[in-house]
Amino acid sequence: MAVLQQILAIWLAPLKAFREDISPLVAIREYIRLKLEVSRDHPQASEALLP
Numbered sequence: 001m002a003v004l005q006q007i008l009a010i011w012l013a014p015l016k017a018f019r020e021d022i023s024p025l026v027a028i029r030e031y032i033r034l035k036l037e038v039s040r041d042h043p044q045a046s047e048a049l050l051p
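Residue numbering for the sequence shown follows UniProt numbering, beginning at 1 and increasing consecutively.
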């Protein structure tokens, strides 16, 4: 269960880009940037749930 929690924490971290104090366009750009960082820095997080 701890492994799944760690993976979810990694996957969900980029969602912090969506905040009320910034415009939707800026938030989407930041989300994409962060998502690419996560994919680059934690490739095993995506592979962990593949069959």
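Using N, Cα and C, we set each Cβ at its ideal position, and we do this for glycine too.
Anticipated Cβ contact below 8 Å, residue i with residue j, distance rounded
i, j, result
"ALA17", "LEU34", "6 Å"
Reference residue i; option with closest CA among the options
i, options, result
"LEU36", "LEU25, LEU15, ILE22, ASP21", "LEU15"
"PRO43", "ALA27, TRP11, MET1", "TRP11"
Where the alpha helix (DSSP H) containing residue i begins and where it ends
i, result
"ARG29", "24-41"
"ALA17", "Segment: none, ALA17 is in no alpha helix (DSSP H) and carries neither H nor E."
"ALA2", "2-12"
Residue i vs residue j beta-carbon contact at 8 Å
i, j, result
"VAL38", "ALA13", "yes"
"ARG19", "ALA27", "yes"
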